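Under our numbering, the sequence shown is numbered contiguously, ending at residue 95. Beneath this line is the structure, given in C-alpha cells, with notes to follow.
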Amino acid sequence: MQRRLNCQTKPEKHVVLAGPPGCGKGTQAPKLKSEHCLCHIATGDLLRAAVAAKTPLGTEAKKAMEAGALVPDEVGGGADIGAPGPPSKRAIVP
Numbered sequence: 002m003q004r005r006l007n008c009q010t011k012p013e014k015h016v017v018l019a020g021p022p023g024c025g026k027g028t029q030a031p032k033l034k035s036e037h038c039l040c041h042i043a044t045g046d047l048l049r050a051a052v053a054a055k056t057p058l059g060t061e062a063k064k065a066m067e068a069g070a071l072v073p074d075e076v077g078g079g080a081d082i083g084a085p086g087p088p089s090k091r092a093i094v095p
C-alpha cells in the first residue's frame with residue numbers, strides 16, 4: 002500500500018529504450034520499472050499477441066516476423082497496438 006502511494010506522488014515519466022536485439026533492453030526494463038514506478042509495455046509481446054489473435058495488425062506483423070525482418074514502423078509503431086488498460090502517465094517501452 003505504501004509503495005502504491007509513493008508511486009502516485011512521482012511525476013509523469015515516459016522512458017523509451019532503443020537498441021538492437023540482445024543489447025539488454027529487456028534486462029534493464031524491469032529494473033527501471035521497479036525503481037521509478039513505471040508501467041512496462043513490451044511492444045514485441047503486444048505484436049505477438051496481435052499475431053495470435055489474428056488481428057489486422059497481427060496479420061501484417063506476421064509477414065515481417067516470418068520473413069525474419071523487423072516489423073515496419075507503419076505496422077508496429079502505431080499508438081494503439083493493443084496495450085491493455087487505460088493509458089499510463091508513467092511508462093517504459095523497451
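In this text, a Cβ means the ideal position worked out from N, Cα and C, and glycines have one as well. All of these numbers come straight from a predicted model, not from anything done at the bench.
Contact check, residue i vs residue j, beta carbons under 8 Å
i, j, result
"V72", "L48", "yes"
"A68", "L58", "no"
Straight-line Cα distance separating residue j from residue i
i, j, result
"V76", "G23", "22 Å"
"Q29", "H41", "11 Å"
"P31", "K14", "15 Å"
First and last residue of the uninterrupted beta strand (DSSP E) at residue i
i, result
"K14", "K14 to V17"
Buried versus exposed, by CB contacts within 10 Å (16 or more), residue i
i, result
"G25", "exposed"
"A19", "exposed"
"L6", "exposed"
Extent of the continuous alpha helix (DSSP H) to which residue i belongs
i, result
"A50", "T44 to A53"
"L6", "Q3 to Q9"
"G59", "P57 to E67"
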